[in-house]
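Heads up: the structure comes next, in structure tokens.
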Amino acid sequence: MFPSNALAVYVHIPFCRQKCLYCDFYSLPLSSLKDRKMGGVEVKDYTTAVLKELATYLNFFHRSGAKNLLRLSSLYVGGGTPTSLPVEQLSALIIGCLHKFAGVKEGISKLDNGIEVTVEANPETIDERYLTQLRKSGVNRLSLGVQSLDEGLLPALGRRHTVVDSLRAVKQARQTGFQNINLDLIYGLPGQSLKSWQTTLEGVLELYPEHISGYCLKIEPDTPFYQLFCQGALALPEEDEEVAMFECLVDRLHRAGYRHYEIANFARPGYESVHNQVYWKNQEYLGLGPSAHSCLRGVLPSQVWKASANRESGLEERELRSSPVRFANYPDLTRYQRHLESGHSPVEFAEVIKPELERAETLFLGLRLREGVSKSAFQQRFGLTLDQAYPGVRTQLIQRGLLQEEGERITLTSRALFVANEVFREFLP
């Protein structure tokens, strides 16, 4: 992991109005928080906690001379459902984060053009007033959880919005000045047919968003869908139909002029997600909030390492200063806030990423991008050629029709896109 020129920041909002049946992210339905409290901790205090966590890191970066990490490249607010919060509270959090980085002033008019600020939203949680306030707070990219334009499928997912809500939300986002909108879609849903999926795609293209994400439904443990799946009560499409849905997605969006730049992501030219490319290029990022993950190189505060409930022992200081370290906060709102209030780190887990794992992650994350991985950049980064690091693997995958060489880059073949994990496993240590 090379140090970044600027820092990508993710803020987790662990609240939603109702948890979707397939969701395994850490979130708390606001209806479960009596009087908006959880363990005696006010939800409104969440903004204070996140800003305190950010200030702690920025102060450390300043003392450490890590000037690159004092510059913001992107801010991504996800969840949960960030827009389940009152807009005044969410805006205060966004403005507070922007203010803590040098050179960023209040208001969209003074926001650096190069900084992408994304907020995830569910269609039923926003209106013109809410969107106007987000724009004034500095948000310039909206990611809407549409999922489907088939009215009959939404209730079975635990979604609270309707198709009309989705259409209205996009229209109001345009009216309030959003020029960069992503629509999240899911295929492989219970009861979904290829025809239903095609109808959703046509409806989405009529909205002409700048960016479209299309994910195949994944049944995760500890979700209601997983329980139904184990009981044989979830009528999922067959795998060949899921493949047909993916191929339909790729073909239709290509014909509509979208660039297929990552396995599940499509953009009009120039609208690729700045923030998410940080993950796929295996660069540094900072996560704030309960359950949020981070990865930094050489600038990890010692108190974060020492406070981690799970960590390797016996590491020397020089190892922490030269290696990338991945760490994650407690996935518990009350514990997260109380640690910060008492002056302690909210980090639960930290690990040093060994060179062999960093090489593997750089490869399989990079292969998610349609541009693939540069062989020369890999050698420059790790001091090894691909064939030295993985003898015979590249040739074998090419022979199996899963990998291809385009000049000095290696990329997944079209055939490999839907079964990419088969390729990625070949590089794991």
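Quick note on our numbering: the sequence shown kicks off at 5 and runs consecutively.
Note that beta-carbon positions come from the ideal geometry of N, C-alpha and C, so glycine has one too.
When burial is assigned at 16 or more other CB atoms within 10 Å of the CB, is V303 buried or exposed?
Burial call: buried.
When you compare each of V54, E362, R374 to Q93 by their alpha carbons, which one comes out closest?
Between Q93 and the set V54, E362, R374, the nearest pair of CA atoms involves V54.
Cutting at 6 Å between CB atoms, please list the residues of its own chain near N269, excluding the five before and the five after it.
By the criterion of a C-beta distance shorter than 6 Å, N269 is surrounded in its chain by S217, once the five residues flanking it on both sides are discounted.
C-alpha distance - C20 paired with L153, whole-angstrom precision:
Their Cα atoms are separated by approximately 21 Å.
How many angstroms separate the CA atom of A364 from the CA atom of E412?
Near 18 Å, if we compare the C-alpha coordinates of E412 and A364.
Threshold first: 4 residues or longer. Then list the alpha helix (DSSP H) segments lying entirely within the region 40-93, N to C.
The region 40-93 contains these whole alpha helix (DSSP H) runs: 50-68.
Can you tell me where the alpha helix (DSSP H) holding A364 begins and where it ends?
Taken as a continuous stretch (DSSP letters only), the alpha helix (DSSP H) holding A364 covers 359-370.
Answer yes or no: do E78 and E120 have a C-beta to C-beta separation smaller than 7 Å?
What sits at residue 78 in the sequence shown is Ser, not Glu. A contact, by the Cβ cut-off of 7 Å.
Would you identify the three-state DSSP class for I17, choosing helix, strand or coil?
I17 sits in a strand when the DSSP states are folded into three classes.
By how many angstroms is the C-alpha of R259 removed from the C-alpha of A354?
A354 and R259 have their C-alpha atoms spaced approximately 44 Å apart.
Whole beta strand (DSSP E) elements within the region 223-302, 3-residue minimum
Correct list: 263-266, 269-271, 289-292, 297-301.
Please state whether the Cβ-Cβ distance between G149 and I98 is less than 7 Å.
Result no, Cβ atoms of G149 and I98 do not sit closer than 7 Å.
Spell out a yes or no on whether the region 330-345 and the region 239-259 are touching, meaning 3 or more CB-CB pairs, one atom from each, closer than 8 Å.
These segments do not touch.
Would you say F4 and Y26 are within 7 Å of each other, going by their C-beta atoms?
The chain is shown only over 5 to 433; residue 4 falls outside these bounds and no answer can be derived.
N-terminal and C-terminal residue of the beta strand (DSSP E) that V397 is part of:
Per DSSP, V397 is not a residue of any beta strand (DSSP E); the alpha helix (DSSP H) it occupies stretches across 397-403.
Which of the three DSSP states is assigned to Q408 in this structure?
Residue state, collapsed to three classes: strand.
If you count every other CB in all the chains shown that lies within 10 Å of the CB of E57, and 16 or more means buried, which is it?
With 16 or more other CB atoms across the displayed protein chains lying within 10 angstroms of its CB, E57 is buried.
Cα-Cα separation between Y340 and G83, rounded to whole angstroms:
Between Y340 and G83, the C-alpha separation is close to 15 Å.
Would you kindly work out how many angstroms separate the C-alpha atoms of R301 and V167, rounded to a whole number?
So the alpha carbons of these two residues sit roughly 44 Å apart.
Per DSSP, cross-strand counterpart(s) of H215:
Beta-bridge pairing by DSSP links H215 to N186, A271.
What number of angstroms, rounded off, separates the C-alpha of L187 from the C-alpha of F368?
Distance from the CA of L187 to the CA of F368, rounded to the nearest whole angstrom, comes to 25 Å.
Pick from Y61, R145, S35 that is closest to G291, judged by C-alpha positions:
Of the listed residues, the one whose Cα sits closest to G291 is Y61.
Tell me whether G156 sits in a helix, a strand or coil according to DSSP, three-state version.
Here G156 sits in coil by DSSP.
Assign G100 to one of three DSSP states: helix, strand, or coil.
Residue state, collapsed to three classes: helix.
Run the CB neighbour count on G107, radius 10 Å, all protein chains shown included, and call it buried at 16 or more, exposed below.
At G107, the pLDDT of 49 sits below 50, so the modelled position is not reliable; the number obtained from the coordinates is stated separately. A residue is called buried once 16 or more other Cβ atoms fall within 10 Å of its Cβ, and G107, having fewer, is exposed.
Figure out for me which residue from S147, P194, F386 has the closest Cα to the Cα of R178.
Nearest C-alpha to R178 among S147, P194, F386: S147.
Could you tell me which of K71, V423, P18 sits nearest to P86, measuring between CA atoms?
Just measuring C-alpha positions, the residue of K71, V423, P18 sitting nearest P86 is P18.
Name, in chain order, the residues that DSSP records as bridge partners for L149.
Inspection of the sequence shows that residue 149 is occupied by Gly rather than by Leu. Answer by DSSP bridge pairing, in chain order: D188.
Among H165, E288, E276, which has the Cα closest to the Cα of N184?
Ranking H165, E288, E276 by Cα distance to N184 puts E276 first.
Mark H66 as exposed unless 16 or more other C-beta atoms lie within 10 angstroms of its C-beta, in which case mark it buried.
The residue in question, H66, is exposed, as its Cβ has fewer than 16 Cβ neighbours within 10 Å.
Check the DSSP bridge columns for N333 and list the partner residues they point to.
Beta-bridge pairing by DSSP links N333 to V351.
Contact defined as beta carbons within less than 8 Å: I believe E426 pairs with L406. What is the distance between those atoms, to the nearest angstrom?
Between E426 and L406 a beta carbon distance of about 7 Å is seen, short of the 8 Å cut, so the two are scored as contacting.
Separation of P294 from Y50, as counted between CA atoms
Straight-line measurement puts the Cα of P294 at about 10 Å from the Cα of Y50.
P225 classed as buried or exposed, judged by whether at least 16 other C-beta atoms fall within 10 angstroms
P225 comes out exposed.
Specify, as a first and last residue, the run of the alpha helix (DSSP H) that E132 falls within.
The continuous alpha helix (DSSP H) containing E132 extends over residues 132-141.
Using 8 Å for Cβ pairs, my map puts R145 next to W284. What's the rounded Cβ distance?
Between W284 and R145 the Cβ distance is about 17 Å, and since that is not below 8 Å, they are no contact.
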